[in-house]
Structures are given as C-alpha cells and as structure tokens.
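Structure, as structure tokens:
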Amino acid sequence: MSGREFLEEALQFTIEKICKSGLYIEVETSRLPGTPEEEINENCRELFKHVRTIWSEIQRAKTKCPVEFRRMFGHLKSAIVKKFDLEKDTLERHHQVARYTCVSGFIFLRWICPAIISPKQFDLVQDHPDANTCRTLTLIAKCLMTLASHSTTEQNTKEVWINQLNAFININTNKFTDFINYVSIIVEEQDNEELPKREDTTANYFIDLPYELAQLSRWCTEECTVNNVITKTCHSIMKKPRMN
C-alpha cells in the first residue's frame, strides 16, 4: 500500500498504545449524565493530550509522504487555485482556504482519519479495538477532521471539549497550512532522490480500486477544468471500457 510508511510513522506508536491500554475517553455531556464537571474537564485534557501527540507525529512524518501523493495533491491545489482565481489578494480568507481544504479533504478524510478509526484495516494494530477504544479513536479523528476543515465550531456551546477544540484549531492553523503546503508541492523528477520511494507492499485488506479511481476521476472531470496530468489521466480512465 503506497503511503504505508507515512501512516506507520505518524500513527502506529500512539494508536498501538491506545489500543493496548483499552483507553476510553468520553467528553460529550449527553453521554455522561450526572458526571461531575471536573471529571469531564479531566477527560478533555486527556483527549487533547493524545490529539496533540498524534498531530505532532503527523507533522514529523510529512517527509514520508510518497512522491506520487505529493504530485497529485500539488496538481489538485493548482487546479483549485486556477479555477477559483485564488491568486488575488483581494479575496476574503474563507475563499483562500479552499486551496488547503481541497487537499486536506483527501489526506484526512480518505486516508489519515480512516486509519485512526479503523487501525486494524490499515495494519497498524493486530486486533480490532473494542467499542470503548473505538469511541476514543473516533473523538481523536473528529478533532483532526475539524482542524482539516479549517474552521472552528459553534462558539456558544456549553460543551467544554468544543471550546478546547476551537483553541486547538486556532493555535495550529499556521502549522496546518505549512503541512498542506509541504505535501502538495509539485515535485520534479530530479527531486525524487530526496523523497520516499513508493513501497512495494501488498495490503492485507480489501481496497476496491476501480471504485476509488472512479470516484476520483469523476470528481476531477466534473470539478477541474485545468489541463494537467491528473485530469488527462482521469479522462482516459473514464473513456476506457469496463472489463469483466
């Protein structure tokens, strides 16, 4: 699986530790009726300790992002910048963030967060985590997805963990954009020696490659008008007859 080295470096140590200990963290008051406020606050501190750890490891592992992924993300970002004319300095911030969210949607929604929620499927742990541990992993993934969406959540909430989530996002916004910029640079062939090579490994779980390629190619052909290697490849895929 291309990108496996990145996932192992970014996630495996902490995810294994969480799963082996059977760590259960709950922070939503609706799931904790009658729980003292101080206990909920302690749960929040514990949750964000792990969120910050994983986020730091993701940033450190950025050099392991495969060159194929970086090229794809780079072309995707360039297409969005050109399509929506994002080079203009007059555009408001919520327009400018599209260059980052178009990439983070792929990296986090389809890659990093699924590996956090289902670590066994990505060969990060040997056994499936139990329900309580899955809840902890889901909360961690939810925090990272909110960071990846480049937006804070409702400010007038009584949920302590939401307030801490907003603080986490505000503190890490610049680090997030730096990470996206790094993994979405269009890399030339002569730079390949400094980048991780594609691993010749086989995933031990099922990936519906035709379906995933169809989803990607459909998105590119419908949303991207820039004529580059990504859109050319997607158009060629869409034109090929289905093989039985």
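Per this note's numbering, residue 1022 is the first one in the sequence shown, and the count goes up by one each step. A virtual CB, placed ideally from N, CA and C, is assigned to each residue, including glycine. The model shown is predicted, which means the values in this text are computed figures rather than measured ones.
If you draw a straight line from the Cα of F1200 to the Cα of I1128, it is about 11 Å long. CA-CA distance, A1100 to P1087, rounds to 20 Å. No Cβ-Cβ contact shorter than 7 Å links E1030 with K1070.
Distance check between R1091 and each of S1125, E1049 and I1137 places S1125 closest, using alpha-carbon atoms only.
Residue state for K1141 is assigned as coil, using DSSP reduced to three classes. In this structure A1162 is buried. Its beta-carbon is surrounded by 16 or more other beta-carbon atoms within 10 angstroms. The beta carbon of R1120 sits closer than 7 Å to the beta carbons of K1098, I1101, V1102 and L1107 from its chain, once the five residues preceding and following it are set aside; these are given in chain order.
Judged by their CB atoms, F1143 and L1028 are nearer to each other than the 7 Å cut-off. A contact is defined here as three or more CB-CB pairs under 8 Å, and the segment 1148-1163 meets this definition with respect to the segment 1035-1047. Secondary structure note for T1084: it is in no alpha helix (DSSP H), with a DSSP letter that is neither H nor E. Under the three-state reduction of DSSP output, P1135 falls in the helix class. Taking C-alpha positions only, S1170 is separated from Y1203 by approximately 17 Å.
Boundaries cannot be given for F1105, as no alpha helix (DSSP H) includes it and DSSP labels it neither H nor E. By a beta-carbon distance limit of 8 Å, N1064 contacts I1046. Their separation comes to about 5 Å. Residue environment for L1032: buried (at least 16 other C-beta atoms within 10 angstroms of its C-beta).
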